[in-house]
Amino acid sequence: MPLATVTAAAGAVRTLLRLEEGNEAALVERAAGVALGLAESFCGQMLVARVVEDSLAGRAAWQALSALPVQTILTDGEGAIDRDGRGWFRTAEDATIHYRAGLAQDWASLPPEIAHGVAIMGAHLFDNRDAAAVPPAAVAALWRPWRRMRLDGPRRA
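If you're matching positions, the sequence shown starts at 503 in this note's numbering and goes up one per residue.
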């Protein structure tokens, strides 16, 4: 996760908690980073765009790239991006594929529901750092529309 994204998320957590700048900054930043990771795991996609590297074995068939949603494939060759943001690449030899994936370019361009859910989750983690507590149901409700799930593996037509 880009450091600028974690810092911006920490600012949103700090605002929600009504903490002053610098007050327990390391804990807030850690909680924000964990909340961002939880959001990516829950949603099943990268939230903020960054460059990803996949190693693919040489095959005649199309192979799915691991991260979603793919914005652009940076490696020259036979690549494609389908309407769902799944990246595909075909290579006859073993290759390392570089591509850019993510839902938004930065924290500011994230959908507000995701960003607010991250702030709520970060505040929850900060407030409950010494005890196990059930995460707020509102977080799942905010993230659920952005969740990507598959029951089978990706297939290219």
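By construction, the Cβ of each residue, glycine as well, lies at the ideal position given by its N, Cα and C atoms.
*DSSP bridge partner residues for Glu-555 (one or two, in chain order)*: Looking at the DSSP assignment, Glu-555 forms a beta bridge with His-600.
*Residue ranges of each alpha helix (DSSP H) run of no fewer than 4 residues wholly in the stretch 520-556, ordered along the chain?*
Segments of the alpha helix (DSSP H) lying fully in the stretch 520-556: 527-545.
*Report yes if the CB atom of Leu-605 is closer than 9 angstroms to the CB atom of Met-548, and no otherwise.*
Closer than 9 angstroms, so yes.
_Span of the beta strand (DSSP E), counted from its first residue to its last, around Glu-580_ = Residues 580-583.
*Note down, in chain order, each residue of its chain lying with its Cβ closer than 6 angstroms to the Cβ of Gly-587, except the 5 sequence neighbours on either side.*
Around Gly-587: Leu-570, Pro-571, Val-572.
*What residues match up with Thr-593 in a beta bridge as DSSP calls it?*
In the DSSP assignment, Thr-593 is bridged to Arg-561.
*Reducing DSSP to helix, strand and coil, say where Val-636 ends up.*
Three-state result, Val-636: coil.
_Helix, strand or coil at Thr-517 according to DSSP, with G and I counted as helix_ = The answer is helix: DSSP assigns Thr-517 an H, G or I state.
*Look up Thr-577 in the DSSP assignment and say whether it is helix, strand or coil.*
If DSSP states are grouped into helix, strand and coil, Thr-577 belongs with coil.
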